[in-house]
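Down below is the structure, laid out as structure tokens.
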Amino acid sequence: MPGAGDAGRLAAVLPRLAARHRVRGAQVAVWSGGETVMVQTGSAGGGRPMRADSRVPIGSITKVATATLAMMLVSDGDLELDQPVGEILGDPSLSAELTLRRLLSHTSGLPSDPADAGGSCRKEVRAAEFVCEPGAAFSYSNLGYALVGLLIEEVTGMGWREAVESILLRPLEIEPVYVDSPGVATGHARDGERPLEQVLPPMLDPAGALALSARDLVALGRVHLGKPGLLDVVTASDLHRPVPVAEPFGLADGWGLGLACFGDEEFRWLGHDGTADGTSCHLRIDQAGACVLALTANGAGGTDLWHDLAAELPDLGLPPYRLQGAESCPIPLPNGDFGTYRNGALGYTIRPTADGGACLDVDGDVFPELTRYADGSFTVRDPATGRATPCGRFRGDPGAATAVEIGGRLARRC
């Protein structure tokens, strides 16, 4: 792993990769061997340089903080993993199949997002059309984490922001900053020029509201290496263990109670990825090597930067990025797979094109050149880069698909 002497090498690689992918500013932090190496490059937006303490909206990595806090409350006996959430909230109208364990592992069956993000979380959960039976399959759900936030509020008597600050972040010497705080790094579109405003409804704060530096992310990751003792060993083991039914196709190789699993039993990292409006951030935790690595980027090209960073610095030891479908043969898309698939308010339509091909329409955003592979996976052409990009997979036999998985979200045929 890189040490203090490798800061110069990281400082040379990061600006080059940021320029390649039109990322205005980025930070990399690595903790290993008791020391942290951190480098940064470029601009935080608005004429400000990217500094070591610049805070970047981390998107869904916020869920790591929410899950860690929830598991700390489990360890203290304030929450139970398998108790129906309706019992905790005193709301018998909520499904008895909804539990904290299923919410944290994205196996609750709840849709990805609320239909009315400005409304009540309880109301949204009551009215939700489940995408699968709770506990049956993985389907990434921001609404599920909004409900976890509600549980945290119920047992602590604090709002989610106050609870995550006082119980988790401040003990880690992390000064809490949120996407709506002044001075956070500005996200940018893929062209690297157009600034983007952060838009996140308050209901989804537990799913994506934090803005942190790469050094802050490393401090959060170290909690899962037993530092500074906020999680007991038994609770941490439960949090890190992959849930058998959680198959997060296209996102990771497995999923625990709030953390993704990358690699296999012999070579596993924990972590999470997060995108906000024009930002892309990544966190990895190597339990075997006692190492934590984090990247923050205030550009939509940050994910490509992350993949190149792992490829150009193999001594980081990150699991290689594996293209879904890369080892499978393309096959013609059967007529029976065309149609519309839904996850709550989100619709995916797979339709034929005039040239005899197929495309994916996501609520009006069209992704051309959909190619199906024999293993059920499919790619589309990314309009921004022109490259074929792994997108998802079909569920069911060819020509008789019952659902699709896109971005970790399960959508049933209408």
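In the numbering used here, the protein residues as written are 4 to 417. Note that CB positions come from ideal geometry on N, CA and C, so glycine has one too. Note that the structure is predicted; figures quoted are calculated from it, not measured.
The Cβ-Cβ distance between residue 72 and residue 103 does not fall below 8 Å. Secondary structure of residue 218 (DSSP, three-state): helix. Residue environment analysis places residue 11 among the exposed positions, since fewer than 16 neighbouring C-beta atoms fall within 10 angstroms of its C-beta. The count of Cβ pairs closer than 8 Å, one atom from the region 62-81 and one from the region 256-263, reaches three, so the stretches are in contact.
Under the criterion of beta carbons closer than 8 Å, residue 252 and residue 27 do not qualify as touching, at roughly 32 Å. In the structure shown, residue 143 falls within a coil segment according to DSSP collapsed to helix, strand and coil. Take residue 182, set aside five residues on each side of it, and the residues of its chain with a beta-carbon closer than 6 Å to its own are 60, 201, 203, 212, 214, in chain order. Separation of the CB atoms of residue 205 and residue 148 is rounded to 13 Å, and the pair is thereby denied contact status at 8 Å.
Residue 353: member of the beta strand (DSSP E) spanning 349-355, first to last residue.
Secondary-structure assignment with DSSP links residue 370 through a beta bridge to 363. Beta-bridge pairing by DSSP links residue 34 to 39, 295. Residue 367 has its alpha-carbon roughly 43 Å from the corresponding atom of residue 175. Checking the DSSP bridge columns, you'll see residue 178 has no partner listed.
Under DSSP, residue 283 takes part in a beta bridge, and its partners are 278, 300. Taking the Cα positions, residue 109 is about 18 Å away from residue 239. The DSSP-derived three-state label of residue 209 is helix.
Residue 35 is classed as buried because its beta carbon has at least 16 other beta carbons within 10 Å across all chains shown. The beta-carbon separation of residue 356 and residue 343, rounded to 16 Å, does not stay under the 8 Å limit for a contact. For the pair residue 131 and residue 113, the CB atoms are nearer than the 8 Å cut-off. Between the region 119-133 and the region 87-99 there are three or more C-beta pairs closer than 8 Å, enough to call the two in contact. Boundaries of the beta strand (DSSP E) harbouring residue 408: 406-409, taken from the DSSP string.
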